[in-house]
Structure formats: C-alpha cells, structure tokens
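Put into structure tokens, the structure is as follows:
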C-alpha cells in the first residue's frame, strides 16, 4: 500500500496554508547561543509546566509549546512534513495516528541514532514496539502516556440490580464475556438501564485489544478473514444491542455527559484518562463510581502518545535530551499527578510510593491506579495501519445504522466495501 506520493502532494498543496504561518521560526538559535525548540502537542497535558522546569534546569534551552486540538495538530504536522518546511523540532503523535506518519520515515529522526536504546528497558514492551518501524530498526518516538482500560461501574445501579458493589466482588462476578452479558441482563431487567452507553463502547470491548485488526504490516486488508477481531467486535456490539444492553449515547455529547452524571447506564469500559474527565465534568457522580479490572478478553489500550523529532530540526541532540527527560519515569509520575492525569508507560512508575499511595475521592477514596497498572499486563502489540482512523469510523457508521434499524449483516458488507474504497483512493 504505497501512499507516499499522495502524502507529498497533499503537503505541497497546503504548503502556504494556515499551519505554516509562524511555524518556521528563525530564532532557533539566538545570538547568545540559546537554543529554542518548538514543541507541538495536542489535548490536555502538563508539558508546558514540565518545559518550564526543564528550562530552569537547562538555562541554554528554550521550549516553545504549541497546543492544538487532536485533528488540527496531526493535520498541521502532516502538512508541514509533506511540504518539507515548517515542522517543529519536537512533535507529539497519537497512537491511532502514528502509522499514518510512518510512511514518511525519512522526515523523522531515528531516535535509535540519538541513544534511545539506552532507555528502552524503562518502558512497556508493547508500547515501545508500536513506536518502531516494521523492521524494528527505526524508532519514531519515545513512549509517553497510555490508555489501559478498566471497568468504571455505578455502585448505585449495581445495588439497585441486586448485585455486589465492592471491586473484588465485581471482578469475581464478571470474569468473561458471558459473565458481562449476564450481569447486563440482570441490570436491564431490574433497573431498566443499559449495561453500556453506546454501540461504540460495546465494539471497543474487543477492538481495543484485538489480536488481528484491520491490516497486517504488509498493508493487506484482513477484515474478511474468518475469525477476524474486527468482525468479532462488531458482532458483540450487535448482540448487545439486540439484547437491549446498549444505550444510545454518543461520547462527548451533552446527552452522554448527562448520562454519566445521572447514572443512566451501568458500566463504561474506559481508559485511564477518562478519570480526569469524569472528575471535572460529572460532579453528581462523585462517590458513585468504582473501578474494577475488565475480563482478560476485554483488556485493551485506548489512546496514548509518542514524542517524535522531525528530521528538519537543527538541534536533534538538544531535542532528544529534552524528550528523554520529558518521558522519564520521574517526569511521567509528575504527568500522572497533574490535572491532565496522563497514565505512565513506564512500569518503574507503578513501583513508586507516590503512585501506589494515590487515592481518588471521586471514586470513594479507591486507589484506582493499581487497576490500570494491572491492566497493562494483558495488553499486547497491535498493528493499526495508516488508514486506521478512517476505516474504524466506517465500522462505527455501520453500527449506528444498525441501532437505527438497519440489517446488521447488510451494514457489515456495506462497511467492508466502503473500507476497500478508502484504502484504494
């Protein structure tokens, strides 16, 4: 699947566009020898605070942090790399977007050439491997946060359904997909509420930990293969819908936010980063949620990032020194403790006393960190491919149509055809 020509054409078309404005600064090295590094990030991080801390410890370095929304950030970086000018010295890459940028390997610095092999042992193996090329000899970025998933459940809904509410009891009760479905039926019968909020969350129960996703590393489409995990995930969502176990809430909408706040569904199979949103946006739910480990077959990673160094930087060594410091176990602990709540990809953090002693008042004083740390043990390497976001959305579109009354198999077949169209553009 060769996409490099399209990559560069898109970049040239936009090379004088919005994202290049003000990005190609000429002050990367000032007259007094100070090095200035442009650092592009997305979403909520504590990287501005950490950059200031690094500047204090390294007086000759200035870090200019630019924050944008996820789509704007990645499209802007894509454009700058394609045009060959205007890229920052350092850039954050989201895991679902990473394979899209691997087509442009020559536009990035190989972090193995800058010393990354010396710190490899500090990070989860599966997280590190995702950051490499298919040959394993080129590293695009150092690992930052991850999104291990766990079960966020409403204790008031479980209690109303006649179910136990302590995390250890809930884990004993739900040890398999079949257990999860059975509990969902009991909740539906006794409370009238769905087990999960949406078709997407039911689908993600499997897809986020899928052993065989949409593509292999040669670019072959796998979803029509018997036993493919994407179809298994789709079928689970359909089955849960048919049994009335799925709500009709779209994540991040006001309706979904109200449902989380009010307890209109029982379980969110969410990633560690969801904690921060809930604590800031669902005040009425304080004390009513707990966290438990998901069944192993539902284990997976949702989200997380890498810090890369575009090859056009004039200061690769200085950029790498900052990146290595930024994602060190000590810095990852600070990111975890910050308002952003980035979950560490370094197991060394899980052994730190400050991590282990963390409690969450929103979750009734529970120490939730240990559940997400445990979840990392059941996660493995998954190849997603450069078109992952687009093809994933086609499946979600099919599931939405099913929820509105369309035939499930017809929608699956139509999604497969749309996906073929996406990858043949």
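In mature numbering (1 follows the signal peptide of the UniProt record, and there is no 0), the protein residues as written are -24 to -1, 1 to 401. A virtual CB, placed ideally from N, CA and C, is assigned to each residue, including glycine.
From the DSSP secondary-structure annotation, give me the bridge partner or partners of residue i.
i           : result
residue 336 : 342
residue 14  : 40
residue 280 : 122
residue 66  : 15
residue 108 : 115
residue 286 : 84
residue 319 : 122
residue 172 : 222 and 243
At which residues does the beta strand (DSSP E) containing residue i begin and terminate?
i           : result
residue 127 : 117 to 130
residue 95  : That residue, residue 95, is in no beta strand (DSSP E); it is neither H nor E in DSSP.
In or out: residue i buried (at least 16 other Cβ within 10 Å) or exposed?
i           : result
residue 315 : exposed
residue 400 : exposed
residue 385 : exposed
residue 272 : exposed
residue 239 : buried
residue 65  : buried
residue 123 : buried
residue 357 : exposed
residue 308 : buried
residue 3   : The pLDDT assigned to residue 3 is 47, lower than 50, so where the model puts this residue is not dependable; a value taken from the coordinates is nonetheless given after this. By the 10 Å Cβ count, residue 3 comes out exposed.
residue 361 : buried
residue 28  : exposed
residue 403 : Here the chain comprises residues numbered -24 to 401, so residue 403 is not present and cannot be evaluated.
residue 58  : buried
residue 337 : exposed
residue 120 : buried
residue 393 : exposed
residue 284 : buried
residue 279 : buried
residue 61  : exposed
residue 195 : exposed
Considering only their Cβ atoms, is the gap separating residue j from residue i smaller than 8 Å?
i           : j           : result
residue 214 : residue 183 : no
residue 74  : residue 63  : no
residue 84  : residue 128 : no
residue 48  : residue 281 : no
residue 209 : residue 242 : no
residue 318 : residue 21  : yes
residue 172 : residue 95  : no
residue 181 : residue 245 : yes
residue 118 : residue 300 : yes
residue 163 : residue 126 : no
residue 37  : residue 30  : yes
residue 247 : residue 355 : no
residue 167 : residue 133 : yes
residue 188 : residue 204 : yes
residue 339 : residue 265 : yes
residue 176 : residue 375 : yes
residue 296 : residue 90  : yes
Could you spell out the range, first to last residue, of the alpha helix (DSSP H) harbouring residue i?
i           : result
residue 268 : It is not in any alpha helix (DSSP H) - residue 268 instead sits in the beta strand (DSSP E) that spans 265 to 268.
residue 203 : First-last for residue 203: undefined, no H or E at that position.
residue 53  : 46 to 59
residue 328 : Element bounds for residue 328: n/a, residue is neither H nor E.
residue 176 : 175 to 183
residue 159 : 153 to 167
residue 73  : 71 to 78
Could you give the DSSP three-state label for residue i: helix, strand or coil?
i           : result
residue 301 : helix
residue 29  : helix
residue 244 : strand
residue 197 : strand
residue 384 : helix
residue 140 : coil
residue 191 : strand
residue 405 : Any question about residue 405 goes unanswered here, given that the chain covers just -24 to 401.
residue 357 : coil
residue 362 : coil
residue 2   : Because residue 2 carries a pLDDT of 44, less than 50, the predicted location of this residue cannot be relied on, and the following value inherits that uncertainty. Coil.
residue 397 : helix
residue 21  : coil
residue 249 : coil
residue -21 : Caution is warranted here: a pLDDT of 41 is assigned to residue -21, below 50, making its placement in the model unreliable, and the coordinate value is therefore given only provisionally. The answer is helix: DSSP assigns residue -21 an H, G or I state.
residue 374 : helix
residue 238 : helix
residue 34  : coil
residue 275 : coil
residue 217 : helix
residue 291 : coil
residue 351 : helix
Cβ of residue i within 7 Å of any heavy atom in the ligand COA?
i           : result
residue 352 : In the structure shown, the ligand COA is absent, as is every other ligand, since no ligand is present at all.
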